[in-house]
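A short worksheet on the structure shown next.
As structure tokens, then:
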């Protein structure tokens, strides 16, 4: 019985990890689909999703290490101080 709990927890953690990695893109795509399903234009949300995907692709291509940690954490993404 406990193995089912472990598998469920692993699936939940994987889902959280994927949403964290692709969060902005997924949120914008979901918003665009919601707007379109309600009969409104979702073009701005779709453009935002494309912009988020481009930013993610650019950041993924960067060579990251602990030597560039400050640059990584200060170049877009989360909130915090400007």
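Residue numbers (UniProt numbering): 1 to 82. For each residue, glycine too, the CB sits at the ideal point set by N, CA and C.
Residue nearest to residue i in terms of C-alpha spacing, selected from the options
| i | options | result |
| --- | --- | --- |
| residue 52 | 69, 43, 1 and 28 | 28 |
| residue 23 | 56, 66, 73 and 60 | 56 |
Neighbourhood of residue i by C-beta, 8 Å cutoff - its chain only, sequence neighbours within 5 removed
| i | result |
| --- | --- |
| residue 11 | none |
Sequence-distant residues of the same chain with beta carbon closer than 7 Å to residue i, five excluded per side
| i | result |
| --- | --- |
| residue 35 | 41, 42 and 45 |
| residue 1 | none |
| residue 19 | 26 |
message = Taking 8 Å as the cut-off, does the segment 14 to 33 touch the segment 46 to 60 (at least 3 CB pairs, one atom from each stretch)?
response = Because the criterion of three Cβ pairs below 8 Å is met, the segment 46 to 60 and the segment 14 to 33 touch.
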